[in-house]
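A.B. asks: Mind the numbering: the sequence shown is residues 279 to 725 in the working numbering, read in order.
Questions regarding the structure given below will be posed in turn.
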Amino acid sequence: MSRLFGTDGVRGLANRLLTPELALRLSEASARVLIDTESERGRPRAVVGRDPRASGEFLAAAVVAGLMSSGVDVWDVGVIPTPAVAFLVESTQADFGVVLSASHNPMPDNGIKFFARGGTKLPDAVEDQIEAEYDAGPVPGPVGAEVGRLQPAGDALQRYVDHLVSTVSVDLTGLKVVVDGANGAASIASPAAMRALGAEVIELHTDPDGYNINLNCGSTHPADLQAAVVANGAAIGIAHDGDADRCLAVDATGELVDGDQIMAILAVGMHENGTLDKDAIVATVMSNLGFRLAMTEHDITVVETAVGDRYVLEAMLAGGYNLGGEQSGHVIMRDFSTTGDGTLTALHLLARVVASGESLATLASVMQRLPQVLINVRGVDKTRLDNPTLVAAVSAAQEQLGDHGRVLLRPSGTEQLVRVMVEAAELTQAQQVAEDLVAVVSAELAE
């Protein structure tokens, strides 16, 4: 049987893989694992939030029922960004949090992810414990006065917005910004926080109806945002994903600014201000080589991790770093958040633009993205990347590319395939090297 938890919680087609029954049993199992039975803090408490997709309504109801029937008081904060749940868990000292969201996935999908006490994502070992409890089946819950109680959302969203605003000391008055909320969880919070700091905000795709989340909009479909920035003469555009834990940007000319560039801008600014801990940033193996070269030029060390913002955070906590993230736009600013936060990232990017007096395009030019080719090779055994012929081919390709090129082969975490990624100074060279390696992978690892 395959592992229930993936790279970011449990995710799948709602009402097929992700059923109310699964949500109920998983929340019961999580309560048994995440509650500190030795605590003297009184009845345990959890924060539950979701993105706007329609299936979140019945899945959240199942999660709330499972937690309350397990003796957990629930603060149901409704539609709210994923990082807001992490913030509320930490700031209210709740025992844990649960988010119903499939992030940037299409509307029919949904997911369940957890935050531990303190607002951090669960390590693999704890997810395995929850899965073991889930597989063991239900156990009798408490009765009478020991069952959990429900607390409605109240001022949860405003608390989160106030926190975001408090992290920025720069007045954004006069800055025109277009915000694409992906018809998701950022639709209220992101424009509200920017306006509170003085920015002129033009909203785009901030009218969720339960069905239109991520639909041709947001960070995975930035074309509307790029056009709107140019049409409105805005200085910058911000694109979120469905649950608002990531942020991409668009400069005044309509050019996309990706997560690597955003991290580079923030890292250089913090380095100059003396606020970048250990003069280092944490990034995944997928960050562009151009990012690494730019950081070296500015005497900033890059600490590399596996793909996934949870692994970025683990490295940040272990090494004492305060900035990290992914090319996809998950950026973790550890001084202010325990997880990737798209609105927080956007606010600090806007603040950097204003404080520097430079355009976003000028700031983004701190790094030059090298052409990158990524090819997925299916029908192969992804566990045999140590094949001698393949290892030799990778080594030869890397030698051919030299210091201004890079080869990365990695197995997919969710599918039976191998990802071949090549970066080079020229796109034609990257494409040729990638295709040559794909041929070796296909021949040597064929099932």
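Note that CB positions come from ideal geometry on N, CA and C, so glycine has one too.
Just the Cα atoms here: how many angstroms apart are G290 and A464?
C.D. replies: The sequence position of residue 290 within the sequence shown is 12, counting from 1. The sequence position of residue 464 within the sequence shown is 186, counting from 1. G290 and A464: Cα-Cα distance of roughly 22 Å.
A.B. asks: Do the stretch 635-650 and the stretch 565-572 meet, that is, are 3 or more Cβ pairs less than 8 Å apart?
C.D. replies: Touching, yes, given that three or more Cβ pairs across the two stretches are closer than 8 Å.
A.B. asks: Buried or exposed: Y599, going by 16 or more other Cβ atoms within 10 Å of its Cβ?
C.D. replies: Counted from its first residue, the sequence shown places residue 599 at position 321. Looking at its Cβ environment, which holds 16 or more other Cβ atoms inside 10 Å, Y599 is buried.
A.B. asks: On the three-state DSSP scale, how would you describe G511?
C.D. replies: Stepping through the sequence shown from its first residue, residue 511 is reached at position 233. If DSSP states are grouped into helix, strand and coil, G511 belongs with coil.
A.B. asks: In this structure, does DSSP put M419 in helix, strand or coil?
C.D. replies: In the sequence shown, the residue the question calls residue 419 occupies position 141. Strictly speaking, residue 419 in this sequence is Gly, with Met absent from that position. If DSSP states are grouped into helix, strand and coil, G419 belongs with coil.
A.B. asks: For V685, which residues in the same chain have their Cβ closer than 6 Å to its Cβ, ignoring the five residues on either side in sequence?
C.D. replies: Mapped onto the sequence shown, residue 685 falls at position 407. V672, A675, Q676 and V700, listed in sequence order.
A.B. asks: Express the C-alpha separation of G586 and V669 in angstroms, rounding to a whole number.
C.D. replies: Position 391 of the sequence shown, counting from 1, holds the residue named residue 669. Position 308 of the sequence shown, counting from 1, holds the residue named residue 586. Their backbone Cα atoms lie some 25 Å apart in a straight line.
A.B. asks: What is the DSSP secondary structure of G597, counted as helix, strand or coil?
C.D. replies: Position 319 of the sequence shown, counted from the first residue, corresponds to residue 597. The answer is helix: DSSP assigns G597 an H, G or I state.
A.B. asks: Should T484 be labelled buried (16 or more other beta-carbon atoms within 10 Å of its own) or exposed?
C.D. replies: Taking the first residue of the sequence shown as position 1, residue 484 is located at position 206. Buried: at least 16 other Cβ atoms inside 10 Å.
A.B. asks: What's the gap between the Cα of S690 and the Cα of R697?
C.D. replies: Locating residue 690 in the sequence shown gives position 412, counting from the first residue. Locating residue 697 in the sequence shown gives position 419, counting from the first residue. If you take the alpha carbons of S690 and R697, they lie about 7 Å apart.
A.B. asks: Do you know how far the Cα of T370 is from the Cα of G422?
C.D. replies: Against the sequence shown, residue 422 aligns to sequence position 144. Against the sequence shown, residue 370 aligns to sequence position 92. For G422 and T370, the distance between alpha carbons rounds to 26 Å.
A.B. asks: Compare the Cα-Cα distances from A394 to each of H576, G375 and M594 and report the closest residue.
C.D. replies: As a first step, residue 394 must be located in the sequence shown, where it is residue number 116. For A394, the nearest C-alpha among the options comes from G375.
A.B. asks: According to DSSP, is N551 part of a helix, a strand, or is it coil?
C.D. replies: Against the sequence shown, residue 551 aligns to sequence position 273. Three-state result, N551: helix.
A.B. asks: Here's the rule: buried if 16 or more other CB atoms are within 10 angstroms of the residue's CB, otherwise exposed. What is H626?
C.D. replies: One-based indexing of the sequence shown puts residue 626 at position 348. Counting Cβ neighbours within 10 Å, H626 comes out buried, since at least 16 surround it.
A.B. asks: List the endpoints of the continuous alpha helix (DSSP H) containing T623.
C.D. replies: The sequence position of residue 623 within the sequence shown is 345, counting from 1. G620 to S634 is the span of the alpha helix (DSSP H), which, as asked, contains T623.
A.B. asks: Kindly indicate which residue of A467, A307, G597 and V456 has the alpha-carbon position closest to the one of C495.
C.D. replies: Looking up residue 495 in the sequence shown gives position 217. Of A467, A307, G597 and V456, the residue nearest in Cα terms is V456.
A.B. asks: Per DSSP, which one or two residues make a beta bridge with D275?
C.D. replies: Nothing can be reported for residue 275, as the shown portion of the chain is limited to 279 through 725.
A.B. asks: With H, G and I counted as helix, E and B as strand and the rest as coil, what does DSSP make of A453?
C.D. replies: Here residue 453 is taken as the residue at index 175 of the sequence shown, counted from 1. The sequence as given places Leu at residue 453; Ala does not occur at that position. Coil at L453, not helix or strand.
A.B. asks: Can you list, in chain order, the stretches of the beta strand (DSSP E) that have 3 or more residues and sit fully within the stretch 679-710?
C.D. replies: 684-689 and 695-701, all fully within the stretch 679-710.
A.B. asks: Put T583 into one of helix, strand or coil per three-state DSSP.
C.D. replies: As a working mapping, residue 583 is identified with position 305 in the sequence shown. Three-state DSSP puts T583 in a strand.
A.B. asks: Start and end of the beta strand (DSSP E) containing D387?
C.D. replies: Here residue 387 refers to the residue found at position 109 of the sequence shown. Start and end: D387 to A394.
A.B. asks: Distance, Cα to Cα, L503 vs G344?
C.D. replies: Locating residue 503 in the sequence shown gives position 225, counting from the first residue. Locating residue 344 in the sequence shown gives position 66, counting from the first residue. Whole-angstrom Cα-Cα distance: 40 Å.
A.B. asks: Assuming L523 contacts P361 (C-beta within less than 8 Å), just tell me the rounded distance between them.
C.D. replies: By 1-based counting over the sequence shown, the position of residue 523 is 245. By 1-based counting over the sequence shown, the position of residue 361 is 83. Looking at the sequence itself, residue 523 is Asp, so the reference to Leu does not match. About 5 Å; that satisfies the 8 Å criterion.
A.B. asks: Run the CB neighbour count on Y489, radius 10 Å, all protein chains shown included, and call it buried at 16 or more, exposed below.
C.D. replies: For this step, residue 489 is matched to residue 211 along the sequence shown. Classification for Y489: exposed.
A.B. asks: Count the other CB atoms, across all protein chains shown, that sit within 10 Å of the CB of G396; report buried if there are 16 or more and exposed otherwise.
C.D. replies: Mapped onto the sequence shown, residue 396 falls at position 118. Exposed: under 16 other Cβ atoms inside 10 Å.
A.B. asks: Following the continuous beta strand (DSSP E) through D613, name the residue where it begins and the one where it ends.
C.D. replies: On the sequence shown, residue 613 is found 335 positions in, with the first residue counted as 1. Taken as a continuous stretch (DSSP letters only), D613 belongs to no beta strand (DSSP E), as it is neither H nor E.
A.B. asks: When you compare only the Cα positions, how much space is there between G389 and V581?
C.D. replies: Position 111 of the sequence shown, counting from 1, holds the residue named residue 389. Position 303 of the sequence shown, counting from 1, holds the residue named residue 581. C-alpha separation (whole angstroms): 29 Å.
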